[in-house]
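Mapping the sequence shown onto this note's numbering, position 359 (from 1) lands on 377, and the numbers just tick up by one. Glycine included, each C-beta is placed from N, C-alpha and C at the ideal position. See below for the structure under consideration.
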Amino acid sequence: MSARPLLVELFTEELPPKALSKLGQAFAQGLHDALQQQGLIAADSATVVFATPRRLAVRLTRVLAIAADQVFAEKLMPVKVGLDASGAATPALLKKLAAKGWDHMDVASLARESDGKQDYLVARGTAAGATLAEVLQAAIESAIAGLPIPKVMRYQLADGITSVKFVRPAHALIALYAEEIIPVHILGLDSGRETSGHRFLHPGTLSIHSADSYEKQLAETGHVVASFETRRTQIAGMLADQATQLGATLGDDPEVAALLDEVTALVESPIVYVGAFEPRFLAVPQECLILTMRLNQKYFPLFNPATGALTHQFLIVSNMPTKNPAAIIEGNQRVVRPRLADAQFFFDTDRKLPLHQRVGQLGSIVYHNKLGTQLQRVARVQKIAAWIAHALDTDPALGERAALLAKADLTTNMVGEFPELQGIMGAYYARGDGESDEVVQALTEQYLIRLEQPVSADHLTPAILFMAERAETLVGIWGIGLAPTGERDPFGLRRAALGLISAFEQLTAGGVLSIRQNGPLTLDGLIEAAALTFEPGTLTQTTASEVQAFVIERLRNQLIAHHDRNAVEAVLAIAPPVHQILARVQAAAAFALGADAASLAAANKRIGNLLKKADDTLSPVNEALLTEPAEQALARSIAALQPVAQDFFDAGDYMAAMQTLARARTPVDTFFNDIMVMADDTAVRNNRLALLGELHRLMNLVADISRLAP
């Protein structure tokens, strides 16, 4: 059977730019899948996706007009239900056959098959293949129904009565099978071959000759680059060329790629022009200028490649290619100038009031109706910061100062206009007020997702504020019953927990926390300290323990993604300090690969089960009661290995501490082969259990190795 190309296009009002790429991909994939399910897509067919600001389209290069006939076999019902005593069809069978469109079938032709319990009637035959003309309408409807539409619009059709729902009002529909129009009726539109080109360069209708000529006709006659990916590539190339010619760079932050996607969805015939603003605006913090250009105007700021500093030039992605773009460039420069002037005004006005004098205004800003104002929150974060500083044996003054100023920029004009600049503007204003470098950096980094660099003992303030703010958020929001549920986490508690974990990691990497020590800063101590800063009755009695468990669960998930699950569970089972967990997991994972690990893990599990039956107040081991050679040998092994393993453990060498256990395998195996632990003599039994208790403590010094058993 021959196959030909199929083109389907929906021409609409302007589609939401941030969703356009996904909409185009989903529409194409949905139509492909619906036709493939009907057996109409040839094996060598390709899917070509088109998406512009005003159209979603797809070309399937090899589509069959009629699908191959399909052999079918379908179990209908038990024979005793479908046939009466004389072998004639029952009403139930006749109804079933009619529903399937098989009422023409001879009942005698139905096969009988047994499932081992009873016989069933089975219909067998060959069904005629689907035809494209018959199923295309349903396929397009299915593709539309599957679109990830951000927000559906309901609009009225031209008849003034009928209303339909779609992402934007649709005005034209193309359904071409090669050169042939396939009649379909979608969203109140009858299919044809007419579309529209560029809104200004080709405002009239454009008649598409065939599915294969669509892209070329739109480009050459309609002045439209139909492919989203082609437009994106063209724009990226033009931006890079212009930046190079100007001796500048676009920067490498993720916002550049996101803006490229957005402008690709805003233009049909892209061209890049160079704009500029007065250099005097560069006195304003560059983050403000960058944000207003990208967010409000969709411009690409340019940077000095040597210093990374913002320049006074920017790139405009226009939808109007012209030989004389002076008016377009001037128009864009005229539009951006007031934006930059506003930013300069906000900056100059904000600097008239020192940041510390703004703190009192936070009393009029509600943080949460159950947790009070931002000023009350600042007081809590200050107390937590002071506690962390004392725990780390450093002067709390800088941490408390950073906490005091951290939210003061919420009262500024600049942050009121650009909430995305929280923290960034506070740092600028704090620097202008003469605050210390550590306080300024703390304000800058307070909204980071996680700490990425080791924290040293002489540079603790940013980490102190970072941890204090997250501890307050976790405890407060959780405590008033707003814990994350499913995918919902509106207050970012999962992110806060991961941030807290990263702080412990970087304090350890910087040597502030040593894996040789259990402190001085611990997760449980921090959470308990945070809980004490809230007014009595605000939190539940279990808030602190629940938050600790929540953070550890986030850590568990993070570790399991990169380390052996059994090793992670073995370490977490004994609840060590957070900053020791990674090193212990690495040691446990290495130990698990050894030849002795499985035997010792199994023995440790057995010991744990035996000790559950023992009296918690077992006396120390009485060597006089160790009469059997196997128990004497085990006692000697424990006595020899325990100080060695403890020394390694105290030095933070968890790997060596666990490897020491391997030397205990032979006496442990011999003990369990030769000794009846639960002896009839109570004294002997308790003495043997006490011996196993010592062994259990030695085995579980680093991790619960019973969890390493397969």
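Query: Closest residue to Q576 among H374, K118 and R513 (Cα-Cα distance); Result: R513
Query: Start-end ranges of the beta strand (DSSP E) lying completely within the region 81-109, minimum 3 residues; Result: 88-96
Query: Pair within 9 angstroms by beta-carbon distance, T213 and R77; Result: no
Query: Span separating the alpha-carbon of L713 from that of I656; Result: 6 angstroms
Query: M171, enclosing beta strand (DSSP E) - first and last residue; Result: M171 to Q174
Query: Short Cβ contact (9 angstroms threshold) for L264 with V292; Result: yes
Query: Cβ-heavy atom distance, L53 to the ligand HEM, below 8 angstroms; Result: Only the bare structure without any ligand can be found here, which leaves the ligand HEM out of the picture.
Query: Runs of alpha helix (DSSP H) wholly within the region 432-502 (minimum 4 residues, chain order); Result: 442-450, 455-463 and 479-497
Query: Strand pairing of I3, partner residues [DSSP]; Result: It is not possible to answer for residue 3, since the shown part of the chain is limited to 19 through 728.
Query: DSSP bridge partner residues for P319 (one or two, in chain order); Result: F332
Query: Continuous alpha helix (DSSP H) stretch holding T251: start and end; Result: F246 to Q263
Query: Sequence-distant residues of its chain with Cβ nearer than 8 angstroms to L150 (five each side left out); Result: L24, L53, L58, V81, L82, A83, I84, Y195 and I200
Query: Alpha carbon of T262 to alpha carbon of A420, nearest angstrom; Result: 41 angstroms
Query: Three-way DSSP call (helix, strand, coil) for G537 in this model; Result: coil
Query: Proximity of L483 and A403 at Cβ, strictly below 9 angstroms; Result: yes
Query: Buried/exposed call for G504, threshold 16 Cβ in 10 Å; Result: exposed
Query: Nearest neighbour of N350, chosen from Q331, A680, K135 and E646 [CA to CA]; Result: Q331
Query: CB of P595 within 9 angstroms of CB of G537, strictly; Result: yes
Query: The region 354-371 contacting the region 306-321, beta-carbon criterion three pairs below 8 angstroms; Result: yes
Query: CB of L49 within 9 angstroms of CB of A69, strictly; Result: no
Query: Closest Cα partner of P560 within the set K98, R583, R249 and A549; Result: According to the sequence shown, residue 560 is Thr rather than Pro. That would be A549, whose Cα lies nearest to the Cα of T560.
Query: CA nearest to the CA of P288, picked from L278, F295 and R211; Result: L278
Query: L659 versus D582: straight-line alpha-carbon distance, rounded; Result: 27 angstroms
Query: Cβ neighbours of V458 in the same chain (closer than 6 angstroms, five flanking residues each side left out); Result: A445, A448 and R449
Query: Beta-ladder partner(s) of E198, from DSSP; Result: Y195
Query: Inter-stretch contact (C-beta, 8 angstroms, three-pair minimum) for the region 25-34 and the region 184-194; Result: yes
Query: CA nearest to the CA of S563, picked from G555, A547 and R574; Result: A547
Query: Helix, strand or coil at K135 according to DSSP, with G and I counted as helix; Result: coil
Query: I289 - DSSP class collapsed to helix/strand/coil; Result: strand
Query: Alpha-carbon spacing of Q392 relative to V399, whole angstroms; Result: 10 angstroms
Query: Proximity to R654 [Cα-Cα], best of R681, M673 and A675; Result: R681
Query: Rounded straight-line distance, which links the Cα of P356 to that of N314; Result: 12 angstroms
Query: Unbroken stretches of the alpha helix (DSSP H), 4 residues or longer, contained in the region 537-588; Result: 541-549 and 561-578
Query: First through last residue of the beta strand (DSSP E) which encompasses P3; Result: Lying outside 19 to 728, the shown extent of the chain, residue 3 is not represented and no answer is given.
Query: S104 burial status per 10 Å Cβ neighbour count (16 or more: buried); Result: exposed
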